[in-house]
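Structure, rendered in structure tokens:
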């Protein structure tokens, strides 16, 4: 299908990636996966996704950093990004905070785990 | 008051006694200079009535003896009018007064009363002097005590007068407050402390006379995190005489607080992330339709992740118990090979499932250590499990034990993926996990090795690792032998 939309899914937990992948594939999307921010940036040109689902807490290059770099790239700055996070606003300290989410350039963010209906509805909204 | 009358004439002795009898004095008598000195040596007297003209030892000699040996005694000399010059000589020698013979009882009473008053005054003076000396001593001791406390105080102490001029500081202040070596005494506090807030704090305390406590971040007053207690010095009248500021270094407290909250944040993430994956897999089952194989795969992964998670919580609790010292090691003689055999039996199915050969090489001797069997079993399980996890199918894990001096050395060697050199120093850190393509999909808490290290160190042993990327990793555990071989 030429009008099949493609999702780039980035998360460091393979089981989580596997589960989300099967949910969105079941809804008819094509999926490319990356397991950290660095890998996501590497495969971005070849993948050329319509939307990016990006976990925040990842090794190497974290989600916020990856998001910033994608938004700084004129070729991909228009691609909507949904940040995924298991971080609640109560966790402060040296991890990521609610404020980071609000200041991020990402179009949307969803807490993990995410119900299939919610996830698919949000993806549809941005495409 | 005790009075001694020394006279060779009985009439005079009795006359004196009669005249003074009802005056409240205790009166004793001596018939000669010799007898007088004998009595003076034996008992204490306040006043001596002394005849100058006596056969044998004369009065002047007795007077000189008294001045030399009993200087506190008041001496009144008794003398005939013919020998007034003698009396004058006696006065020069230190007699208090003289009485000429014959004398009236009133007169002698008067002279003796004056002597008694003077004696009482002298006693009181001596007592006061002694008291003052004791007070001085007590004050000096107190001062020395305070000075020692002041010098030994770990905190920095800065004392100012009411104008904020530094009048005193302890040695710790030089270091803690980065005081210039140029003397700070006699100058305004703003010359030694550059931070405006700290100076304002001290100025406010000397102005208002109210204590205050403030904290200063590194870079304000000095490179340290400081807590300052500033209090006014008040006179008895309530007037403000100056200020005392004690600076306390709380850098370590702050660092510990930071470490603690970082740790809590990390634990929170490690507790939540696997649950998010498990929940997401459950959602995936819901959307998996009638794909039974897919469903089974997800269920298997969920089961595995739950087991891993329980193990993580178990490890976390064990680590915490070990660190707070609330764990009691139940030490008993353990034959290492026996424990290893039990552990290998438990993990063998996992190794076979990945087509990994696991071999326990029989050792030359039954190496025995004094250890807690449950704890040691956890250590061996964690290490051997890791070896299986990080070895590709078709590889092998070799376990062996040998004696080395007074240590038993257990080696767990695998033909696995190895550990990068830059990761090696961190593998015993809490929550550290080697991340990359090769380790993707290998579940783990990042606590197994931290726990192993803590347990082995609690047994006075050590754990070492060497590794070559793509070739394999060898962990070596050394534990003290129960019966080391004789040298």
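Chains as they are written, first to last, in the numbering used here: chain A, 1 to 127; chain B, 1001 to 1487.
Every residue gets a Cβ at the ideal spot worked out from N, C-alpha and C, and that includes glycine.
Keep in mind it's a predicted model, so treat the numbers as computed, not measured.
Under the Cβ distance rule, residue 1283/B counts among the residues neighbouring chain A, one pair being separated by less than 8 Å.
In the three-state scheme derived from DSSP, where H, G and I count as helix and E and B as strand, residue 1224/B is classed as coil. Less than 8 Å separates the beta-carbon of residue 31/A from that of residue 25/A.
Neighbours of residue 1294/B in chain A, taken as residues at a C-beta separation under 9 Å, are given in chain order as 22.
In the displayed model, residue 78/A falls within coil according to three-state DSSP, outside both helix and strand.
As for any beta strand (DSSP E) of minimum length 3 sitting wholly inside the stretch 1274-1310 of chain B, there is none.
Within chain B, no C-beta atom comes less than 7 Å from the C-beta of residue 42/A; the nearest is roughly 12 Å away.
Here residue 1108/B carries a helix assignment [DSSP, helix/strand/coil]. No residue range can be given for residue 1155/B, since it is assigned to no alpha helix (DSSP H) and is classified by DSSP as neither H nor E.
Sixteen is the threshold: when 16 or more other Cβ atoms of the shown chains lie within 10 Å of the Cβ of residue 1401/B, as they do, the residue is buried. By the criterion of a C-beta distance shorter than 6 Å, residue 1382/B is surrounded in its chain by 1448 and 1452, once the five residues flanking it on both sides are discounted. The Cβ-Cβ distance between residue 1058/B and residue 1003/B does not fall below 8 Å.
Annotation: residue 1446/B is outside any alpha helix (DSSP H) and is labelled neither H nor E by DSSP.
Only 112, 113, 114, 115 and 116 from the stretch 104-124 of chain A bring a Cβ to less than 8 Å from some Cβ of chain B. Along the length of the stretch 1358-1410 of chain B, whole alpha helix (DSSP H) runs at least 4 residues long occupy 1373-1389, reported in chain order.
Residue 1044/B sits away from residue 1109/B, with the two beta carbons spaced by 8 Å or more. At a cut-off of 8 Å between C-beta atoms, residue 28/A does not count as an interface residue with respect to chain B. Straight through space, the alpha carbons of residue 60/A and residue 1428/B are spaced by roughly 20 Å. Between residue 1225/B and residue 1232/B a beta carbon distance of about 25 Å is seen, past the 8 Å cut, so the two are scored as non-contacting. Residue burial annotation: residue 64/A is buried, with at least 16 other C-beta atoms found within 10 angstroms of its C-beta. Chain-ordered, the chain B residues with CB closer than 7 Å to the CB of residue 15/A read 1277, 1281, 1301 and 1305. Below 8 Å, too few C-beta pairs join the stretch 1307-1316 of chain B and the stretch 1336-1344 of chain B to call them touching: fewer than three. In the same chain as residue 1285/B, and ignoring 5 residues on each side of it, the C-beta atoms closer than 8 Å to its own belong to 1295, 1298 and 1299, in chain order. As far as DSSP is concerned, residue 1103/B takes part in no beta bridge.
One alpha carbon belongs to residue 1160/B, the other to residue 1189/B, and they sit about 8 Å apart. At least one CB atom of chain A sits nearer than 8 Å to the CB of residue 1273/B. Under the Cβ distance rule, residue 1426/B does not count among the residues neighbouring chain A, no pair being separated by less than 8 Å. Think of a sphere of 7 Å around the beta carbon of residue 66/A: no beta carbon from chain B falls inside it, the nearest being about 15 Å out. With 16 or more other Cβ atoms from the protein chains shown falling within 10 Å of its own Cβ, residue 1029/B counts as buried.
The beta-bridge partner set that DSSP reports for residue 1028/B consists of 1004/B.
In this structure residue 1153/B does not touch residue 1222/B by the C-beta definition: roughly 16 Å separates them, more than the 8 Å allowed.
The continuous stretches of alpha helix (DSSP H) do not include residue 55/A, which lies in the beta strand (DSSP E) extending over residues 51-55.
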